[in-house]
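Chemist: Those protein sequences? They're chains R and A, same order as listed. Throughout the first sequence, residue numbering follows this note's numbering, covering 69 to 378 in sequence. Throughout the second sequence, residue numbering follows this note's numbering, covering 498 to 808 in sequence. Cβ coordinates follow ideal geometry from the N, Cα and C atoms, glycine included.
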Amino acid sequence: MTQPPKGARRSYGVKTAPYGFLLPAALLFLLFFALPIGYALWLSVHKVEIKGLGLGKGAKSEVWAGLENYGSALADPEFLGSALRVLGYGALVVPVMLGLALLFALLLDSERVRGRSFARLAIFLPYAVPGVIAAVLWGFLYLPDVSPFHFLLEKAGLPQPDLMDGGPLYLAMSNIAVWGGTGFNMIVIYTSLRALPTEVFEAAKLDGCSELQIALRIKIPMVMPSLVLTFFFSIIATLQVFNEPMTLKPLTNGIPSTWSPLMKVYNDAFTGGNIYAASATAVVLALATFALSFALLRISNRRTTQGAGR
Amino acid sequence: MTGHATPALRKAPPAAGTTPGTAQAPPAPGTAGPAPRRTALLPTAALILGALYCLLPVAWVVVAATKADDELFSTFTFLPGTGLADNLGELTAYRDGIYWKWMGNSVLYAGLGALLSTVVSAFAGYALAVYRFRGRELFFNVMLTGVLMPPVILAIPQYLLMAEADLTDSYLSVLLPLILSPYGVYLGRIYAEAAIPAELVEAGRVDGAGEWRIFTRIAVPMLGPGLVTIFLFQFVAIWNNFLLPFIMLGDDEKFPMTVGLFTLLKQGASQPALYTLVITGALLAVLPLIALFLVIQRFWSLDLLSGAVKS
Chain R
69 MTQPPKGARR
79 SYGVKTAPYG
89 FLLPAALLFL
99 LFFALPIGYA
109 LWLSVHKVEI
119 KGLGLGKGAK
129 SEVWAGLENY
139 GSALADPEFL
149 GSALRVLGYG
159 ALVVPVMLGL
169 ALLFALLLDS
179 ERVRGRSFAR
189 LAIFLPYAVP
199 GVIAAVLWGF
209 LYLPDVSPFH
219 FLLEKAGLPQ
229 PDLMDGGPLY
239 LAMSNIAVWG
249 GTGFNMIVIY
259 TSLRALPTEV
269 FEAAKLDGCS
279 ELQIALRIKI
289 PMVMPSLVLT
299 FFFSIIATLQ
309 VFNEPMTLKP
319 LTNGIPSTWS
329 PLMKVYNDAF
339 TGGNIYAASA
349 TAVVLALATF
359 ALSFALLRIS
369 NRRTTQGAGR
Chain A
498 MTGHATPALR
508 KAPPAAGTTP
518 GTAQAPPAPG
528 TAGPAPRRTA
538 LLPTAALILG
548 ALYCLLPVAW
558 VVVAATKADD
568 ELFSTFTFLP
578 GTGLADNLGE
588 LTAYRDGIYW
598 KWMGNSVLYA
608 GLGALLSTVV
618 SAFAGYALAV
628 YRFRGRELFF
638 NVMLTGVLMP
648 PVILAIPQYL
658 LMAEADLTDS
668 YLSVLLPLIL
678 SPYGVYLGRI
688 YAEAAIPAEL
698 VEAGRVDGAG
708 EWRIFTRIAV
718 PMLGPGLVTI
728 FLFQFVAIWN
738 NFLLPFIMLG
748 DDEKFPMTVG
758 LFTLLKQGAS
768 QPALYTLVIT
778 GALLAVLPLI
788 ALFLVIQRFW
798 SLDLLSGAVK
808 S
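1) Evaluate R/A159 with the Cβ neighbour count: other Cβ atoms within 10 Å of its Cβ, from every protein chain shown; 16 or more gives buried, anything less gives exposed.
2) Taking three-plus beta-carbon pairs below 8 Å as touching, is the region 238 to 254 of chain R in contact with the region 162 to 176 of chain R?
3) Which value, in whole angstroms, describes the spacing of the CA atoms of R/G199 and R/E130?
4) Can you pull out the residues from the region 153 to 176 of chain R whose beta carbon lies closer than 8 Å to at least one beta carbon of chain A?
5) Curious, which full-length beta strand (DSSP E) runs of at least 3 residues does the region 530 to 579 of chain A contain?
6) Taking all protein chains shown into account, decide if A/N737 is buried (16 or more other Cβ within 10 angstroms of its Cβ) or exposed.
7) Can you give the beta carbon distance from R/Q228 to A/V649, rounded, assuming they're within the 8 Å contact cut?
8) Name the DSSP bridge partner or partners of A/W709?
9) Flag this pair as yes or no: are the beta carbons of A/P753 and A/W599 separated by less than 8 Å?
10) If the cut-off is 8 Å on Cβ atoms, which residues from the region 346 to 358 of chain R count as contacting chain A, listed in chain order?
11) Below 8 Å CB to CB, which residues in the same chain sit around A/G518 once its five sequence neighbours on both sides are set aside?
12) From this set, R/I257, R/I323, R/A190, which residue's C-alpha is nearest R/G234's C-alpha?
13) Pick out whichever of A/F730, A/K763, A/P769, A/L761 has its Cα sitting closest to the Cα of A/G608.
14) How many Å lie between A/L848 and R/T315 at the Cα?
15) Could you pull the start and end residues of the beta strand (DSSP E) that R/I118 belongs to?
16) Out of curiosity, what's the CA-to-CA distance linking A/D566 and A/L585?
17) Determine the burial state of A/P523: buried for a count of at least 16 other Cβ atoms within 10 Å of its Cβ, exposed for fewer.
18) Please classify R/W132: does DSSP put it in a helix, a strand, or coil?
19) Just the C-alpha distance for R/L171 and R/N311, rounded to the nearest angstrom, thanks.
20) Taking 8 Å as the threshold (beta carbon to beta carbon), is A/R714 in contact with chain R?
21) Measuring only the C-alpha atoms, how far is A/V783 from A/G701?
22) Tell me, please, whether the CB atom of A/A529 is closer than 8 Å to any CB atom in chain R?
23) How should A/Y688 be labelled, buried or exposed, when 16 other C-beta atoms within 10 angstroms of its C-beta is the threshold for buried?
24) Report the residues of the region 620 to 632 of chain A with a CB closer than 7 Å to any CB of chain R, ordered along the chain.
25) What is the C-beta distance between R/L176 and R/A283, in whole angstroms, given that I count them as a contact (C-beta under 8 Å)?
26) In three-state DSSP terms, what is R/R285?
27) What's the gap between the Cα of A/Q794 and the Cα of A/L724?
Next comes the structure, spelled out in structure tokens:
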């Protein structure tokens, strides 16, 4: 069969078809992404002005507020407190979760390790458990009357800490995130390990490298792009933690209703009724997330290039 | 399936000059022998420990769902109780079976939402992979920023806009915002680029097939596993979603499982008898997805979830 010259048979349909296929996605993007983001930005620079006694129609009007909402958001001790808590929480969750994900991915990739298909499924399992349910399960396991930890500590005659208050609360909360997130990240890293060319490892093995050396010197640097990706998504998810502290809250007095920034936004918007302040806080949170992830991305990029240059 | 094929592929061919006997010897630096096949004990232990850690809460909820009210706080954590049938009966009877209503709602939101999401992602991914047109990269990049957009900045204005349209507290308010998944579009593009050869599309055109016919008859069958992946990803994402329905819905008849169990837990703070219902409900909520993954992993690979197209 002879191939027609490119474009000769291109009809009107070929030119318009891609736009047709993109139409549903584009419409949904406009309605449920672009429009809300624009509206949030608009709200964040407005406020309600009340005329007179604030009674009757037209007594309340939305007026330009400039950066006023941003100023008060950044000065709000509740917001700053929640931001600090979540930074501490993130500093625990992200390294531990990605460290474990990387470790398990490397172990899955090692042929001398047994029980790999069982472990792969078991570690991935929490991905299928909603955050709310994960928090319910762990929350009960933290309750002194239910917990096996407290049972063991009691038997051993040791003091039993309250896992849902003060310092231990960070560990308890981080544990839920690590439990829920390790599996998915492990799969992402494992997938890119599997895509690496095997000749490199064989050559290294012939040169007498141990499996550990191969993992540290060859595998980890080569899967750096997927590590950076998982890192990026983990930070975004961590800074927005909401479901888990919200769910644990009824089980303890140790979690204030503004524990995380997102809880603060929710509280302002739906309990306090100030959607303008809440929007400004949400925008600040989004910008901070971007800034933090890009800054860390740059640092890790510099590290990788230096490492490669050695 | 890429799952279990590699160990065989990764076996090093025996190096010239080595006898089979040396395979069991510890590798001395500089020896060119095949890698030892012994089980690495410490790494295996670490991996199994990780697996057990991940199974622990699930194992607990299975045991705890069998405990009666008084057993929950008095017997050892992993000691099975005697109340499973009672708990299931009480849960079903609770407020005329509202629990099963929540379960049904979750299936509806996640099932229909994931189905629509898969269609939208397949359309967009196919267009981005197969056609060359103006604005292609721009569209893709704008869409990708959506992946990075924190849901928090979307949730409040989405609620207010839904309120403007008089749609809050409706099934649509939870369903519609979750149809478009930027990650789904991204996966759709990757799979379409890998699975659909340009020559095949061109051949279809030469044979006089229209663009729609080429998509449905050629592209969709080739995209099979990729579409299953997008569906599963989005199904899990919607099934696990809490924030959006929590904000949008007020009527508990429309709650999905996550929000329903949350409100039940909240009431439990003053009525501890509800705790056993929460635990039994949590068990029943976890089972369908676990079963889904166990069944589906026979003909579908987890690797696909991270956009792996090699195999």
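Modeler: Here's the rundown:
1) Under this definition R/A159 is an exposed residue.
2) Touching, yes.
3) Distance between the alpha carbons of R/G199 and R/E130 is about 37 Å.
4) Within the region 153 to 176 of chain R, the residues whose Cβ lies closer than 8 Å to any Cβ of chain A are, in chain order, L168, L171, F172, L175, L176.
5) Under the rule that a run must span 3 or more residues, no beta strand (DSSP E) segment is found entirely inside the region 530 to 579 of chain A.
6) Residue environment analysis places A/N737 among the buried positions, since at least 16 neighbouring C-beta atoms fall within 10 angstroms of its C-beta.
7) Cβ-Cβ separation between R/Q228 and A/V649: approximately 36 Å, too far for a contact (criterion under 8 Å).
8) A/W709 is not bridged to any residue.
9) With respect to A/W599, A/P753 sits close: the two C-beta atoms are nearer than 8 Å.
10) Residues passing the 8 Å Cβ filter: A346, S347, A350, V351, L353, A354, T357, F358.
11) With a pLDDT of 39 at A/G518, under the threshold of 50, the modelled position of that residue is not reliable, and no figure is offered here.
12) Looking from the CA of R/G234, the closest CA among R/I257, R/I323, R/A190 belongs to R/I323.
13) When C-alpha distances from A/G608 are compared across A/F730, A/K763, A/P769, A/L761, the shortest belongs to A/F730.
14) Shown here, chain A extends from 498 to 808; a query on residue 848 of chain A therefore has no answer.
15) Run containing R/I118: 114 to 118, per the beta strand (DSSP E) assignment.
16) Computed Cα separation, rounded: 13 Å.
17) Summary for A/P523: the model assigns pLDDT 45, below 50, so the residue's position carries little reliability; its value from the coordinates is reported in the next sentence. In the assembly as shown, A/P523 is an exposed residue. Its beta-carbon has fewer than 16 other beta-carbons within 10 Å.
18) Per DSSP, reduced to three states, the secondary structure at R/W132 is strand.
19) Straight-line measurement puts the Cα of R/N311 at about 27 Å from the Cα of R/L171.
20) No, its Cβ sits nowhere closer than 8 Å to a Cβ of chain R.
21) Distance between the alpha carbons of A/V783 and A/G701: 45 Å.
22) Confidence at A/A529 is low in this model, with a pLDDT of 44, below 50, so its placement is unreliable and the value that follows should be read with caution. Taking 8 Å as the threshold, the shortest C-beta distance from A/A529 to chain R falls below it.
23) A/Y688 comes out buried.
24) Taking 7 Å as the Cβ-Cβ cut-off against chain R, the residues of the region 620 to 632 of chain A that qualify are F620, A621, Y623, A624, Y628, F630.
25) 12 Å between Cβ atoms; not a contact.
26) R/R285 falls in the helix class under three-state DSSP.
27) Distance between the alpha carbons of A/Q794 and A/L724 is about 15 Å.
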